[in-house]
Structure formats: C-alpha cells, structure tokens
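Enquirer: Got a structure for you, questions after.
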Amino acid sequence: MSGSFQIAGGWIEVVVGVMFSGKSEELMRRVRRAIIARKRIQVFKSHLDERYAGVLAVSSHDGRTIDAFPVDSSAQIAQRIDPTAQVIAIDEAQFLDRGIVQVAADLAGRGRRVIIAGTDTDFRGEPFGPMPDLLATAELVDKLHAICVLCGAPASRNQRLIEGRPASWDSPTIMVGGHESYEARCRACHVVPRCDESQVAIPFGVTAEGMRHSGR
Ligand SMILES: [Zn+2]
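In the numbering used here, the protein residues as written are 392 to 607.
Spelled out as structure tokens, the structure:
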C-alpha cells in the first residue's frame, strides 16, 4: 500500500446513455486509466436483472485485473467499501435503489472519486430509478448516444420489443428473464403504445420486424 490515498477532494462523475451507447466501455476505460495511475479501485455492478449477472473483470495492459462485485442494493455497496479505495466505480446503477445517491455523496465527501454508469431512461423514455438524482448531484456528466437502428440518427431511447412488436407502456420497467429485446432508437422512431392504441402503433402493412430490418 502506498499510503497515498489522501485526496484533496472527492467528486461524482456520471456516464449515462441508452443501451449500446458504450457507457460501460467508457466506465471501464476510466477504471483502466485509474489502474495505470496506480489508484486503489473498487468496481461494483448491479445484477438485479439476470442478464447482467456474473462477475466481470477489468484488466489493464500491464496485466493487473480488478474484479467487479455484483450487488443488488446500495446498502451492499456501502458494506463492501474498502476504506482505502480511492476510486469507486458502479455500473448499471439504474437498477439500484435511491440510497445510492447518498452512498455516492458520502464517498465523494470523504475524498473519493466516484464513477457511475447507467441507463438514464427506461423503455418508455422516462427517468430511470436513481439516475436523475445522480445526474443532478454529480460534478461531471457525460451523456452518450447509440445509433438509431431505423434511421441512423443519434439514439437517445431504449426501444423494447416483445415478439418483434413495441412493448406497451404498461409493461414492467424491469423485466427479469423475459423474452423481450431492445434496440437503440431516436426520439422520432421510439414507439411506446398505450394499451388502447397498441393496435395502431405500427403503420399499416408494416410489421415491427420489417421496420427493424429496414433500418439496419
Ligand atoms: Zn430514428
């Protein structure tokens, strides 16, 4: 241990964007750079949704590796914080409870650099979980975009599809173990039918599957 974990001041930086926008890659890039800078780092990853389960490891070019702790609550992160860690990175933060806002603030208040990545909007295009509060309280915010699979514009929305059709507004915010799929879409191409309009959400004669493929 270098004993050099005296940091003048801490802060929170948030990387948000839709799925496929590269936000996890950006988080890992920052973690890799912190590894190169020989900082003490902890990485946490929400695994509320089964698809995100599993331990991920971040490695740097010199062969050092950092494992990410899978967590499903802000309390678990608070319990597992290594008091000597200088940098704390949290991926998939949208699935965490709102307690993560205070956990991040406390860490920053104690001089830590807190890097958070997450999807800022749910499949409806509405603010997702604790992300709005994290964005508001962070010192640094980067919003990344994917590419709309239908028109090629910058994509800012997560399009949920169930059996190839846009999922209705009433489907749950988090579907665990479901058969849904997702696409990145722009605001204009994003479709979230209300229950009473689900029959007219797709243009006549065009299937959702056809719309999807036409944009690729
Ligand atoms: Zn589009």
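Positions of the beta carbon are idealized from the N, C-alpha and C atoms, including for glycine.
What do you reckon, is the C-beta of R576 under 7 Å from a heavy atom of ligand 1?
Expert: yes
Enquirer: Would you mind working out which of R420, E483 and E404 sits nearest K436, comparing C-alpha positions?
Expert: E483
Enquirer: Go ahead and label C586 buried or exposed: buried means 16 or more other beta carbons lie within 10 angstroms of its beta carbon, across all protein chains shown.
Expert: Residue environment analysis places C586 among the exposed positions, since fewer than 16 neighbouring C-beta atoms fall within 10 angstroms of its C-beta.
Enquirer: Less than 8 Å between the CB atoms is what I'm expecting for E571 and I553, so what's the real figure, rounded?
Expert: 5 Å
Enquirer: Hey, quick one: how far does the alpha helix (DSSP H) through D524 stretch, first residue to last?
Expert: M522 to T528
Enquirer: If I measure Cβ to Cβ from M410 and keep anything under 8 Å in the same chain, skipping five residues before and after, which residues do I get?
Expert: T510, A537, N549, Y573 and A575
Enquirer: Skipping 5 residues on each side, what residues in its chain have a beta carbon closer than 7 Å to that of F558?
Expert: Residue identity check: residue 558 is Ala in the sequence provided, not Phe. So the list reads F514, R551, L552 and E571, once near-sequence residues are dropped.
Enquirer: For Q397, which residues from the same chain have a beta carbon less than 7 Å from its beta carbon, with the 5 sequence-adjacent residues on both sides left out?
Expert: In this prediction, Q397 scores a pLDDT of 46, lower than 50, which makes its location untrustworthy; the coordinate-derived value is nonetheless stated afterwards. Correct list: empty, nothing qualifies.
Enquirer: May I ask which residues mark the beginning and end of the alpha helix (DSSP H) holding A466?
Expert: S465 to R471
Enquirer: Tell me the DSSP secondary structure of I565 in three-state form.
Expert: coil
Enquirer: Hey, quick one: how far does the beta strand (DSSP E) through V434 stretch, first residue to last?
Expert: I432 to S437
Enquirer: If you measure from the CB of L541, is any heavy atom of ligand 1 nearer than 7 Å?
Expert: yes
Enquirer: What whole-angstrom Cβ distance do V406 and A508 have, given they're in contact under 8 Å?
Expert: 4 Å
Enquirer: Give the DSSP bridge partners of F460, in chain order.
Expert: F435
Enquirer: For R421, name the three-state secondary structure that DSSP assigns.
Expert: helix
Enquirer: Pop quiz: A499 and W402 are said to be a contact at Cβ under 8 Å. What is the actual Cβ separation, rounded to whole angstroms?
Expert: The pair is a contact, with the Cβ atoms about 5 Å apart (cut-off 8 Å).
Enquirer: What did DSSP end up calling G408 once you bin it into helix, strand or coil?
Expert: Correct three-state label for G408: strand.
Enquirer: Consider the C-beta atom of A537 and the heavy atoms of ligand 1; say whether any pair is separated by less than 7 Å.
Expert: no
Enquirer: Measuring alpha carbon to alpha carbon, tell me which residue in V532, M566, R424 and R556 is nearest V582.
Expert: Shortest Cα-Cα distance from V582 to any of V532, M566, R424 and R556 involves R556.
Enquirer: Cβ-heavy atom distance between A579 and ligand 1 below 7 Å?
Expert: yes
Enquirer: Quick check on DSSP: helix, strand or coil for Q485?
Expert: helix
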